[in-house]
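J.: What follows is a structure written as structure tokens; I'll ask about it next.
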Amino acid sequence: MSKEHVQIFDTTLRDGEQVPGCKLNTEQKVIIAEQLDRLGVDVIEAGFPISSPGDFKSVVAISETVQNATVCGLTRAVPKDIEVAAESLRKAKKPRIHTGIGTSDSHIKFKFKSTRDEIIERAFKAVQYAKSFVEDVEFYAEDAGRTENEYLARVCEAAIKAGATVLNIPDTTGYCLPNEYGEKIKYLKENVTGIERAILSCHCHNDLGLATANSIEGAINGARQIECTINGIGERAGNTALEEIVMVLKQHPYINLDTNVNTQLLYETSQLVSNSMGIYTQPNKAIVGANAFAHSSGIHQDGVIKNRETYEIIDPKDVGVTESAIVLTARSGRAALAYRAKKVGYELTKLQLDDVYANFLIFADRKKEVADHDIHEIIETSNVYQQIASAS
Ligand code: KIV
Ligand code: ZN
1 MSKEHVQIFD TTLRDGEQVP GCKLNTEQKV IIAEQLDRLG VDVIEAGFPI
51 SSPGDFKSVV AISETVQNAT VCGLTRAVPK DIEVAAESLR KAKKPRIHTG
101 IGTSDSHIKF KFKSTRDEII ERAFKAVQYA KSFVEDVEFY AEDAGRTENE
151 YLARVCEAAI KAGATVLNIP DTTGYCLPNE YGEKIKYLKE NVTGIERAIL
201 SCHCHNDLGL ATANSIEGAI NGARQIECTI NGIGERAGNT ALEEIVMVLK
251 QHPYINLDTN VNTQLLYETS QLVSNSMGIY TQPNKAIVGA NAFAHSSGIH
301 QDGVIKNRET YEIIDPKDVG VTESAIVLTA RSGRAALAYR AKKVGYELTK
351 LQLDDVYANF LIFADRKKEV ADHDIHEIIE TSNVYQQIAS AS
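Each residue of the sequence shown is one higher than the last, beginning at 1 in my numbering.
Below is the structure:
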């Protein structure tokens, strides 16, 4: 059965860049946008053009540069925002305006001091106005995660009537559980009149660590766009991580959805974003963290040396990492030591290994991690060094 396509909407340069201290200049943003385009994302959210002259300039530059992906600019449901976004996207080959408004009771009451009916009217007018500039208009119902489904369906219907091509259902506060978010998408698929004319999009935040699970559940229940950022960066605990979504779909073919992303570029893209923003990626970050393919306990190392698949569900080459790492610590066993010793030029017999291993443990207890140059020292100070040296 052929797979259905799920669009990858990258918002590293908009929601991702909202991380305090991670602001990028136009040149850096263009370099990242070019890399995202090579990576194969379907949509690049380039910025929030009315927010500052710098952001406007960046969206213009990205619109002029990007060749394949749709370029998108964010707005509030405010006419001036929409006019400025349309202007910034003028040179884009495929422009999209992303407009919307908060729909949860707390947003309606506290942020807008408004009513449910008034919010529907504002949503309709914003989409209709955006549509007068571009064909492709995405509508977001901010805080949809905490918006009652029945009301959310009415908002979505209004946005579709006004011409929205994509309906973004953000779990803005990262509150939903996966089954709850999946049911929300299913409910909208089944209850919104005109839904066949629009794509539902997942936009999940990670406040409870559920952003990836929620987005996948949304896609399983019918969403055909997922909004995400490289390394999962974004407001507070961040957004859904692009690399996680892409690899979940690749490693679980029965979900029957695929993306256009060239997974072999994931690691270099992650490094580019992390270096440009000066935001360090946690070592245990799934897919792209420094330890994602590193093995340090003796039992795991022995398994991986015998066959990589014993402890790895992804081939590191598939995400652009050259090879798995066998890290030597005091928890490592003989197999790992023999493996690493061979890599630096020593083929040890079983008896030699026993002797070198005893020396290794004394050394490793003093150090957190044993490096290649330490292996030379360990072997050179072992009882059997003369024997090893004369054999090589
Ligand atoms: O999280 C959110 O609700 C957003 C919208 C502005 C799309 O980022
Ligand atoms: Zn967001």
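All residues carry an ideal CB built from backbone N, CA and C; glycine is no exception. Since this is a predicted model, take the numbers as computed values, not measurements.
#1: Under DSSP, the alpha helix (DSSP H) around S215 begins and ends at which residues?
#2: What does DSSP give as the partner residue(s) for L39 in the beta ladder?
#3: With a 10 Å radius around its C-beta and 16 neighbouring C-beta atoms as the bar for buried, classify D365 as buried or exposed.
#4: Taking the alpha-carbon of C22 as reference, which of G238, R224, D143 and F139 has the nearest alpha-carbon?
#5: If you check the beta carbons only, do I230 and T269 fall under 9 Å apart?
#6: Report buried or exposed for K184, applying the criterion of at least 16 other Cβ atoms within 10 angstroms of its Cβ.
#7: DSSP three-state call for F112: helix, strand or coil?
#8: Going by DSSP in three states, Q7 sits in which element: helix, strand or coil?
#9: Using CA atoms only, rank isn't needed, just tell me which of G209, Q271 and K306 is closest to A290.
#10: How do the region 106-118 and the region 73-87 stand: do at least 3 beta-carbon pairs fall below 8 Å, yes or no?
#11: Could you work out which residue in T75, R76 and P49 is closest to S63 when comparing CA atoms only?
#12: Examine ligand 1 and report whether any of its heavy atoms sits within less than 8 Å of the Cβ of E17.
#13: Quick check on E202: does DSSP put it in helix, strand or coil?
#14: Can you give me the Cβ contacts of P178 inside the same chain, cut-off strictly under 7 Å, excluding the 5 residues immediately before and after it?
#15: Can you round the beta-carbon distance between D136 and T173 to whole angstroms, since I take them to be within the 8 Å contact cut?
#16: Whole angstroms is fine: what's the gap from V248's alpha carbon to Y151's?
#17: Using DSSP's beta-bridge definition, name the partner residues of D318.
#18: Our contact map puts K29 next to L39 with C-beta atoms below 8 Å; I'd like the distance itself, whole angstroms only.
#19: Between N214 and ligand 3, is there a pair consisting of the residue's CB and a ligand heavy atom that are separated by less than 8 Å?
#20: Using 8 Å for Cβ pairs, my map puts G163 next to V127. What's the rounded Cβ distance?
#21: Less than 9 Å separating the beta-carbons of S296 and R334?
#22: So is the beta-carbon of N206 under 8 Å away from any non-hydrogen atom of ligand 1?
#23: Taking only runs of the alpha helix (DSSP H) that begin and end inside the region 109-191, which ones reach a length of at least 4 residues, in chain order?
#24: In terms of residues, what are the limits of the beta strand (DSSP E) holding R96?
#25: Are V71 and V43 touching if we call contact CB-CB under 9 Å?
#26: Hey, would you say the C-beta of G100 is under 8 Å away from at least one heavy atom of ligand 1?
#27: Could you check how far apart the C-beta atoms of T99 and F139 are, in whole angstroms? I think they sit under 8 Å.
#28: Does any heavy atom of ligand 1 sit closer than 8 Å to the C-beta of D143?
#29: Express the C-alpha separation of A130 and D105 in angstroms, rounding to a whole number.
#30: Quick one: give me the first and last residue of the beta strand (DSSP E) that E227 is part of.
#31: Taking only the alpha-carbon atoms, compute the straight-line gap between L24 and T11 and give it to the nearest angstrom.
#32: Leaving out five residues before and five after R197 in sequence, what residues of the same chain have Cβ atoms less than 7 Å from its Cβ?
#33: According to DSSP, which residues form a beta bridge with C72?
#34: Should N231 be listed as close to ligand 2, given that the test is whether its C-beta is under 8 Å from any heavy atom?
#35: Tell me which residues share the same chain as D143 and place their Cβ nearer than 6 Å to its Cβ, disregarding the 5 neighbours each side in the sequence.
T.: Quick look at the numbers:
#1: Segment A211 to I220, the alpha helix (DSSP H) holding S215.
#2: According to DSSP, residue pairing for L39 in a beta bridge does not occur.
#3: With fewer than 16 Cβ atoms within 10 Å of its Cβ, D365 is classed as exposed.
#4: Closest option to C22, judged by alpha-carbon separation, among G238, R224, D143 and F139: G238.
#5: Yes. Within cutoff.
#6: The residue in question, K184, is buried, as its Cβ has 16 or more Cβ neighbours within 10 Å.
#7: Coil, per DSSP.
#8: Residue state, collapsed to three classes: strand.
#9: Comparing Cα-Cα distances from A290 to each of G209, Q271 and K306, the minimum goes to Q271.
#10: Counting Cβ pairs under 8 Å, fewer than three are found: no touch.
#11: Considering only alpha carbons, the answer is P49.
#12: No, Cβ of E17 sits at least 8 Å from all heavy atoms of ligand 1.
#13: Note on residue identity: the sequence assigns Cys, not Glu, to residue 202. Three-state result, C202: strand.
#14: L210, A213, N214 and E217, listed in sequence order.
#15: Contact doesn't hold; Cβ gap of about 27 Å is too wide.
#16: Taking the straight line joining both Cα atoms gives about 32 Å.
#17: In DSSP, D318 forms no bridge with anything.
#18: Wrong, their Cβ atoms sit about 15 Å apart, outside the cutoff.
#19: Within the structure as shown, ligand 3 is missing, the only ligands being ligand 1 and ligand 2.
#20: The beta-carbon separation of G163 and V127, rounded to 6 Å, stays under the 8 Å limit for a contact.
#21: The criterion of a C-beta distance shorter than 9 Å is not satisfied by S296 and R334.
#22: Incorrect: N206 has no Cβ contact closer than 8 Å to ligand 1.
#23: Entirely contained in the region 109-191, the alpha helix (DSSP H) runs reaching 4 residues are, in chain order, 116-131, 149-161 and 178-191.
#24: That run of the beta strand (DSSP E) goes P95 to G102.
#25: The answer is yes: Cβ separation under 9 Å.
#26: G100 Cβ: within cutoff of ligand 1.
#27: Right, the Cβ-Cβ distance comes to about 6 Å (below 8 Å), so this counts as a contact.
#28: A distance criterion of 8 Å places the beta-carbon of D143 in contact range of ligand 1, judged by its closest non-hydrogen atom.
#29: Roughly 25 Å between the two C-alpha positions.
#30: Looking at the DSSP string, the run of the beta strand (DSSP E) that includes E227 is Q225 to C228.
#31: Using only the alpha carbons, I get a separation of about 14 Å.
#32: Cβ neighbours of R197 beyond the five flanking positions: I160.
#33: C72 pairs with E45 and R96.
#34: Result no, Cβ not under 8 Å from ligand 2.
#35: Same-chain partners within the cutoff: G102, S104, H107 and T172.
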